[in-house]
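Structure first, commentary second.
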Amino acid sequence: MSALIETFRAIVGEANVLTEGDLSAWEQDWRKRSRGKSLAVVRPATTRQVADVVKACAASGTPIVPQGGNTGLAVGATPDTSGSEVVLSLQRMNAIRGLDAANLTVTVEAGCILQTLQETAEKAGFLFPLSLAAEGSCTIGGNLATNAGGTQVVRYGNTRDLCLGLEVVTADGEIWQGTSGLRKDNTGYDLRDLIIGSEGTLGIITAATLKLYPLPAVRLTAWAAVPSLDRAVELLGLAHRQLGSGLTGFEVMGKFALSLVGKHMPQLRVPFLEDEAAPYCVLLENSDSESEDHARGRFEALLETAFETGAVVDAVVAENLTQAQQLWHVRESIPLAQAEEGLNIKHDISIAVSRIPEFVAETDALLQRELPGVRLVNFGHLGDGNLHYNVQAPEGGDNAGFLRENEERINTLVYDAVEKFGGSFSAEHGVGALKVDKLEKHKSPVALEMMRAVKRGLDPRNILNPGRVIRV
Ligand SMILES: Cc1cc2nc3c(=O)[nH]c(=O)nc-3n(C[C@H](O)[C@H](O)[C@H](O)COP(=O)(O)OP(=O)(O)OC[C@H]3O[C@@H](n4cnc5c(N)ncnc54)[C@H](O)[C@@H]3O)c2cc1C
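For reference, each letter of the sequence shown is one residue, going 8 to 479 in our numbering.
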């Protein structure tokens, strides 16, 4: 193995091959639920170096775990404990290669931090609309590899919808140059879409050409208290009809989730927390290219209609950007508040929006029956039918012990219910190493065989993130 390490050093320089010291930043997942041991962490700075590292790994049959910001929630970027896997960190490949204003595109390297891209776009007068709470650390390569969603999907789609072309290093160490800025290109199989969402198992993304949008002239945010999930879905329908493409965010938050923010972050003001008539709150965002007066009028008209129909029982509209940011901050603090409350069982699920109220009513009741006292932290991107339906131990219970004893059983109850409602067990976080069993259980045998055929075809030696997503 030392010969391979020497080869890596010759390719990327000695300082960029890490084998000792504290490597937890690369060897431990973001939630600290999994800790591995790598053969080495290798940090290339160019596509050529990535290709040469992959060639060396292919020749020796060494498995590679591609990694960006290491914020993924499915343990896809963490090495196993064997000490035989190489973590290939793309963090140094972070250049913005060019912005084409007329084509409304930007070409960036995979290690570019999402927030850096958002800021670069904004400085040039454009919007790059992908937005998620990990944006200060996650990378474009990781966003593409997991097809990340986030808070603007209702208007702009997932990361896949924002990508026009990719540059990829294949499992043989060849470079596929596909960073085209074309919006139309029907020339056979769509390799770009095959790589997006493949979580490092089919190729290593080194660069991408992404879509830009005009910056909205005005952004309005409202926080509405709703009397039920049914009513939240009704409000979503009204918002689609009255705001059209101006609807850019629609988040739902259960009261228990919000009470955790109130408890662990008392400095934040959580609107309508005490309002017993409202078990859920909704955060709505309206972005518009029209004047503020016009947009505000339309936004307030939506809320008036919602009051009249009973879809909303109370609401506030942010007066300025600071207030809007404060409301978003409350929403984005839920995962942290939940972590403060103790270990919990996370489910990132999607169901057709129309069926969500029935799913939640049925599954809440099922869990309460089976595990009396469990607490349900329910929130998410209702506009996309995506819920973070998380389960916390009963009040005052031993969180770690509860997890040990019940995690598998709770997962089975929730994911079987998701399947019954025609949903997905992983809406936006991917499969990684965490949910390989779930994929095998819930995907059809035909779909699994097609996926295995693709994996065998593109990675015949099974060196790219082996054992993640799909076993071959
Ligand atoms: C606080 C928080 C909030 C989050 N919110 C959301 C959310 O709202 N929506 C959402 O979708 N996700 C969310 N996530 C998870 C999300 O998937 C990641 O934040 C992000 O997309 C992963 O990017 P990363 O650079 O950190 O990738 P990593 O964690 O490093 O890797 C993720 C996966 O992609 C692979 N990979 C990474 N880079 C490459 C590459 N260049 N080529 C090939 N494969 C690669 C890895 O092998 C791994 O399988 C959140 C995470 C956190 C911590």
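C-beta: ideal position from N, C-alpha, C; glycine also.
Quiz item: By Cβ distance, which residues of its chain are closer than 6 angstroms to ASP466, with the 5 residues on each side in sequence left out?
Solution: ALA178
Practice problem: Please confirm whether any heavy atom of ligand 1 lies closer than 6 angstroms to the CB of VAL212. | Solution: Note that residue 212 corresponds to Ile in the displayed sequence, not to Val. Checking the Cβ of ILE212 against ligand 1 gives yes.
Quiz item: Just reading off the alpha helix (DSSP H) that HIS247 is part of, what are its end residues?
Solution: 236–250
Quiz item: Taking only runs of the alpha helix (DSSP H) that begin and end inside the region 358–415, which ones reach a length of at least 4 residues, in chain order?
Solution: 363–377
Quiz prompt | Whole-angstrom distance between GLN159 and ASP391, CA atom to CA atom | solution = 9 angstroms
Quiz item: Just checking, does the region 340–352 make contact with the region 262–277 on the three C-beta pairs under 8 angstroms criterion?
Solution: yes
Quiz item: In the DSSP assignment, what are the bridge partners of ALA214?
Solution: GLU116, GLU174
Quiz item: Curious, which full-length beta strand (DSSP E) runs of at least 3 residues does the region 51–125 contain?
Solution: 71–74, 93–96, 103–107, 112–116
Exercise. Tell whether a beta-carbon distance below 7 angstroms holds between GLU487 and PRO86.
Key: Beyond the ends of the chain as shown, which are 8 and 479, falls residue 487; an answer cannot be given.
Quiz item: On the three-state DSSP scale, how would you describe PHE135?
Solution: coil
Exercise. Under the assumption that LYS462 contacts LEU173 (Cβ atoms under 8 angstroms), give the Cβ distance between them as a whole number of angstroms.
Key: The Cβ separation is near 18 angstroms, so there is no contact.
Quiz item: Applying the criterion that 16 or more other CB atoms from any shown protein chain within 10 Å of the CB defines a buried residue, is GLY75 buried or exposed?
Solution: buried
Quiz item: Is ALA152 near GLU206, with beta carbons less than 7 angstroms apart?
Solution: yes
Quiz item: Going along the chain, which residues of its own chain have a beta-carbon closer than 6 angstroms to the beta-carbon of ALA407, five neighbours each way excluded?
Solution: LEU350
Exercise. Please say whether ALA214 and LEU291 have beta carbons closer to each other than 7 angstroms?
Key: no
Exercise. Check each candidate in CYS170, LEU124, VAL72 and name the one with the smallest Cα separation from VAL82.
Key: VAL72
Quiz item: Is the Cβ of SER45 closer than 7 angstroms to any Cβ of chain B?
Solution: The structure shown has no chain B; it contains just one protein chain.
Self-check item: Best match in SER67, TYR396, SER298 for proximity to HIS388 [C-alpha to C-alpha]
Solution: TYR396
Quiz item: So, helix, strand or coil for ASP355, using DSSP?
Solution: strand
Quiz item: Where does GLY90 land, buried or exposed, given buried means 16+ other C-beta within 10 angstroms?
Solution: exposed
Exercise. For GLU347, verify whether its CB is less than 6 angstroms away from any heavy atom of ligand 1.
Key: no
Quiz item: For the 8 angstroms Cβ check, are there 3 or more pairs between the region 324–336 and the region 402–419?
Solution: no
Quiz prompt | Bounding residues of the beta strand (DSSP E) (the contiguous stretch that carries ILE477) | solution = First-last for ILE477: undefined, no H or E at that position.
Quiz prompt | Among LYS218, LEU111, PHE432, THR146, nearest to ARG99 - alpha-carbon criterion | solution = THR146
Exercise. Give me whichever residues DSSP pairs with PHE257 in a beta bridge.
Key: LEU291
Self-check item: Cα-Cα separation between LEU189 and VAL381, rounded to whole angstroms
Solution: 50 angstroms
Quiz item: Which residues in the same chain as LEU25 place their Cβ atom closer than 6 angstroms to its Cβ, once the five residues preceding and following it in sequence are excluded?
Solution: VAL48
Exercise. Can you say whether ARG238 is buried or exposed, counting buried as having 16 or more other CB atoms within 10 angstroms of its CB?
Key: buried
Self-check item: Minimum C-alpha distance to ARG359 - residue among PHE428, GLY304, LEU310, GLU311
Solution: A small fix is needed here, since residue 359 is Ala in this sequence, not Arg. Nearest option by C-alpha distance: PHE428.
Exercise. In the DSSP assignment, find the beta strand (DSSP E) that holds LEU227 and state where it starts and stops.
Key: 225–233
Quiz item: Just to confirm, are ASN472 and VAL479 a CB contact at a threshold of 7 angstroms?
Solution: no
Quiz prompt | Heavy atom of ligand 1 within 6 angstroms of ALA84 beta-carbon | solution = yes
Self-check item: Of the listed residues PRO364, ILE341, GLU126, GLN122, nearest to ALA264 (C-alpha basis)
Solution: ILE341
Exercise. Return the first residue and the last residue of the alpha helix (DSSP H) that VAL48 is part of.
Key: From DSSP, VAL48 is part of no alpha helix (DSSP H) but of the beta strand (DSSP E) over 47–49.
Quiz prompt | CA nearest to the CA of VAL60, picked from ALA141, VAL176, ALA22 | solution = VAL176
Quiz item: Which one or two residues does DSSP pair with ASP321 in a beta bridge?
Solution: ALA232
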